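Below: the structure, in structure tokens.
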Amino acid sequence: MPLIDLVLLKARLGELAGRFDVDALDECDSTSSELMRRADRGAPAGSVVVADRQSAGRGRRGRQWLSAPEASLTFSLLWRFTGPLSRLSGLSLAVGVALARGLESLGAQGVGLKWPNDVLLDQDGRQAKLAGVLVELASDRRGTQAIIGIGLNLLPPAEELPFPAAGLSQACYRLPERHAVLAALLCELAETLERFAGDGFGGLKADWQQRHVWQGQQVQLLDEAASPVLGTCLGADDDGALLLETAAGVERILAGDVSLRPAGSTLGGRPA
Ligand code: ATP
Ligand code: BTN
3 MPLIDLVLLK
13 ARLGELAGRF
23 DVDALDECDS
33 TSSELMRRAD
43 RGAPAGSVVV
53 ADRQSAGRGR
63 RGRQWLSAPE
73 ASLTFSLLWR
83 FTGPLSRLSG
93 LSLAVGVALA
103 RGLESLGAQG
113 VGLKWPNDVL
123 LDQDGRQAKL
133 AGVLVELASD
143 RRGTQAIIGI
153 GLNLLPPAEE
163 LPFPAAGLSQ
173 ACYRLPERHA
183 VLAALLCELA
193 ETLERFAGDG
203 FGGLKADWQQ
213 RHVWQGQQVQ
223 LLDEAASPVL
233 GTCLGADDDG
243 ALLLETAAGV
253 ERILAGDVSL
263 RPAGSTLGGR
273 PA
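Here it is, written out as structure tokens:
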């Protein structure tokens, strides 16, 4: 029996239950891979796959996402957008805003966002990764399909990781029950994705920037194909690109094969 009980989840989703078609699994390779296969077979927008265990959980660029059934919430959501792929460049930032709002609605404190795809927790000035977002897009004539994969640590991971990691239990007075967490995140995602579809990232930018952990701070941009670039984080623009003030002027960085670290940090090293 999976840890997510669909009857309990439906009750938690309330009037938004009809927007989602949720399947809860004991195990799969990756909820995003599983949902992608289902999307290819015509699964509707709003389909969700949540799994207790992933044998091949993925982060960006094929990195591994580690999870354990009792300690994690791992799920993927299928959403469809009209219009071209280029309108969706800010999507992973928009998802970050939805996650932060959802976690805050559960009483979490100290939640912040790191460009382009991380949800962090402030632990006495040290930032630790609480959740990761993996957005995978595919386009055709009719529009664009997004598989939005989310990995949230309910408890701090036991493994040593290159970047410090945290659990939701450390952000809340008492860890919220997992059905309440999933329902809160799905409800915020539905609302935020609708706003994003209408107004683009521009309408969510202020919300993102307010939680941006390195706003106005010195950072280094790591790119495996080039030397690190030092600059001051000016925030994001309406397309979700990072604005970095460097010695050469303001650079506009679109999410790609780059990683951001605080200036002087060796955390996480160079991109793998
Ligand atoms: P970047 O700045 O490049 O985005 P990142 O550390 O966020 O760096 P991603 O590829 O986005 O890298 O995320 C995957 C990384 O998350 C892996 O390198 C791994 O170290 C880390 N990771 C894996 N599982 C967890 C987890 N449960 N909690 C926190 N971090 C994790
Ligand atoms: C990252 O920080 O790089 C993103 C991590 C995303 C992990 C989630 S867990 C659910 C979904 N299935 C996956 O294989 N990956 C995403």
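Residue 3 is where the sequence shown starts when you use this note's numbering, and the numbers rise one by one after that. Note that beta-carbon positions come from the ideal geometry of N, C-alpha and C, so glycine has one too. Just so it is clear, the structure is predicted and the values come from calculations on it, not from any experiment.
Neighbourhood of residue i by C-beta distance below 8 angstroms, restricted to the same chain and skipping five residues each side
i    : result
L115 : L95, G98, V99, A102, V121, L122, W210, R213, H214 and V215
E340 : Here the chain comprises residues numbered 3 to 274, so residue 340 is not present and cannot be evaluated.
Where residue i sits in the DSSP three-state scheme
i    : result
G20  : helix
F198 : helix
C30  : strand
G151 : strand
Q125 : strand
P230 : strand
A73  : helix
Q172 : helix
E138 : strand
G64  : helix
S267 : coil
R89  : helix
L79  : strand
A110 : coil
G204 : helix
Range covered by the alpha helix (DSSP H) that runs through residue i
i    : result
V215 : Run containing V215: none; DSSP gives neither H nor E here.
D42  : T33 to D42
A100 : L93 to S107
A13  : L8 to L15
Proximal residues to residue i (C-beta, below 6 angstroms), its chain only, five neighbours per side dropped
i    : result
L105 : V113
A186 : G104, S107 and L108
K12  : A19
Host beta strand (DSSP E) of residue i (start-end)
i    : result
P264 : V260 to P264
T248 : L244 to T248
A53  : S49 to Q56
E253 : G251 to I255
D225 : Q220 to D225
L177 : Taken as a continuous stretch (DSSP letters only), L177 belongs to no beta strand (DSSP E), as it is neither H nor E.
Own chain, CB closer than 7 angstroms to residue i, minus 5 neighbours either side, in chain order
i    : result
R197 : G205 and L206
S34  : R60, S78, L136, E138, I149 and G151
Any non-hydrogen atom of the ligand ADP within 8 angstroms of residue i CB
i   : result
D54 : Looking for the ligand ADP in the displayed structure turns up nothing; the ligands present are the ligand ATP and the ligand BTN.
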